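See below for the structure under consideration.
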Amino acid sequence: MEAIYALAIGTLVAAGVWALLRPRTFQVVVGLSLLSYATNLFIFGMGRLGENRPPILPPDGGASPTLYADPLPQALVLTAIVIGFATTALFLVVLLALRGLSGTDHVDGREPDR
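Structure follows, in structure tokens:
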């Protein structure tokens with residue numbers, strides 16, 4: 007399971023870097039989003055991967071802490087997802103305004119000569 011998880015993160019990073027290096031602004035935004043998702047998955051994976059592990063300990067302290075998931079990475083990822091959506095929305099508004107002003111979505115603001 008860890009190998010598939012690491013492969014998924016690596017694929018997201020590779021696709022994100024590839025899209026980030028493209029000349030169109032929308033592709034840059036998609037690349038930043040993919041890198042954000044890869045980072046969130048990486049942080050989430052730091053909280054131990056496993057199935058059927060509750061993140062909350064019972065009041066009596068009960069069983070071993072190894073049977074429970076770490077809730078801190080889950081809380082960090084949830085916060086990062088919310089901030090990522092807001093940042094992406096801000097990027098899109100700025101890019102739409104830039105396209106309206108310059109008439110192109112090229113990252114340099116000029117269309118290359120063909």
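Our numbering applies: residue 7 is where the sequence shown begins, and numbers increase by one.
Note that the Cβ used here is the ideal one computed from N, Cα and C, for glycine as well.
Every value quoted in this text rests on a predicted model; they were computed, and no experiment measured them.
Leaving aside the five residues before and after residue i along the sequence, list all residues of the same chain whose C-beta is less than 7 Å from its C-beta, in chain order.
i	result
glycine 115	Ser108
Could you tell me whether the Cβ atoms of residue i and residue j are closer together than 8 Å?
i	j	result
valine 113	threonine 31	yes
proline 77	proline 61	yes
glycine 53	glutamine 80	yes
To which residues of the same chain is residue i closer than 8 Å at the C-beta, ignoring the five residues directly before and after it?
i	result
threonine 110	Arg116 and Glu117
leucine 101	Thr31, Phe32, Val35 and Asp111
Excluding the 5 residues preceding and the 5 following residue i in the sequence, name in chain order all residues of the same chain whose CB lies nearer than 6 Å to its CB.
i	result
alanine 20	none
From residue i to residue j, what does the alpha carbon distance come to, in whole angstroms?
i	j	result
arginine 59	leucine 47	17 Å
isoleucine 15	isoleucine 49	11 Å
alanine 25	leucine 73	39 Å
alanine 12	serine 42	15 Å
leucine 82	aspartate 119	45 Å
arginine 28	leucine 38	12 Å
valine 88	aspartate 66	33 Å
phenylalanine 97	alanine 103	10 Å
phenylalanine 91	leucine 55	25 Å
State the CB to CB distance for the pair residue i and residue j, rounded to an integer number of angstroms; the pair is presumed to be in contact (CB under 8 Å).
i	j	result
glycine 22	leucine 40	3 Å
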